């Protein structure tokens, strides 16, 4: 049935990142062969410099979260002034996704207890990357929600490219600076994808409900059914 298509697509979109995250986490906890590849790749990529430091800062809460807050405020205002039903729900979903980042990452860091690269002082709790997850969810949720309110194709493409550059720049900076192993970053991509899928799902359902309400109102008006705007006073 056509109705079953979206759940299947959603399952694939969520299932693949979840499976990849589970595989990486298993390898990290068990110190499996994948971590050996990860360490060699890190050794080839690490080269601390000022540029990589600046890129990694894009994942700071002080940098990424204000971007999301501005986007959420615009989305809320846009929905409110247009009279969208449940206008507050998509911004709430974006905010909740951001709140879930530390709620998920902090326990995982403590449980996996992964040591850092040789480029940082000896410590543990580097898996997964909190900075990467922050960047993915903050910039990603802002992009997901704004795309539904933008109509110009060029602007939409520019927004997607900018989001990708911010996330990839943050990820590259973290690995290049030696703040994180590559697998720490990839795992956070997976977590972020799952959270962003939730934001996208809430936004689409809210939009569909609004379109459905407008369609019913239009049909009532065209059929001559009295409404609050054209009925007797």
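Numbering (the numbering used here), first residue to last: 2 to 234.
C-beta: ideal position from N, C-alpha, C; glycine also.
All values reported here derive from a predicted model rather than from experimental measurement.
| query | Could you give the C-beta distance for residue 138 and residue 102, rounded to a whole number, given that I count them as a contact under 8 Å? | reply | Along the chain shown, one-based indexing puts residue 138 at 137. Along the chain shown, one-based indexing puts residue 102 at 101. Confirmed, Cβ separation roughly 5 Å.
| query | If you run the structure through DSSP and keep just helix, strand and coil, what is residue 116? | reply | Your numbering for residue 116 matches position 115 in the chain shown. Of the three classes helix, strand and coil, the one that applies to residue 116 here is strand, per DSSP.
| Exposure of residue 159, with buried meaning 16 or more beta-carbon neighbours within 10 Å | What you label residue 159 is simply residue 158 of the chain shown in a count that begins at 1. Classification of residue 159: exposed, given that the 10 Å Cβ count is below 16.
| message | Within a Cβ cutoff of 8 Å, which residues of the same chain sit near residue 151, ignoring the five residues on either side of it in sequence? | response | For the purposes of this step, residue 151 is identified with residue 150 of the chain shown, where counting begins at 1. These residues qualify, in order along the chain: 157 and 160.
| said: Counting C-beta neighbours from all protein chains within 10 Å, is the total for residue 50 16 or more, i.e. buried, or is it exposed? | reply: For the purposes of this step, residue 50 is identified with residue 49 of the chain shown, where counting begins at 1. Residue 50 is exposed by the Cβ-count criterion.
| task | Under 8 Å by Cβ, that's how I've got residue 132 and residue 171 pegged, so tell me the actual separation to the nearest angstrom. | result | By one-based count along the chain shown, residue 132 stands at place 131. By one-based count along the chain shown, residue 171 stands at place 170. So it is a contact: roughly 6 Å between Cβ atoms.
| said: Just list the residues that DSSP pairs residue 125 with in beta bridges. | reply: Stepping through the chain shown from its first residue, residue 125 is reached at position 124. Partner(s): 116.
| Excluding five sequence neighbours on each side, which residues of the same chain lie with their C-beta closer than 8 Å to the C-beta of residue 27? | Position 26 of the chain shown, counting from 1, holds the residue named residue 27. 33, listed in sequence order.
| According to the Cβ coordinates, are residue 134 and residue 189 closer than 7 Å? | On the chain shown, residue 134 is found 133 positions in, with the first residue counted as 1. On the chain shown, residue 189 is found 188 positions in, with the first residue counted as 1. Yes, the pair counts as a contact, with Cβ atoms nearer than the cut-off.
| Hey, residue 200 and residue 95: beta-carbon distance below 7 Å or not? | Taking the first residue of the chain shown as 1, we reach residue 200 at position 199. Taking the first residue of the chain shown as 1, we reach residue 95 at position 94. Yes. Within cutoff.
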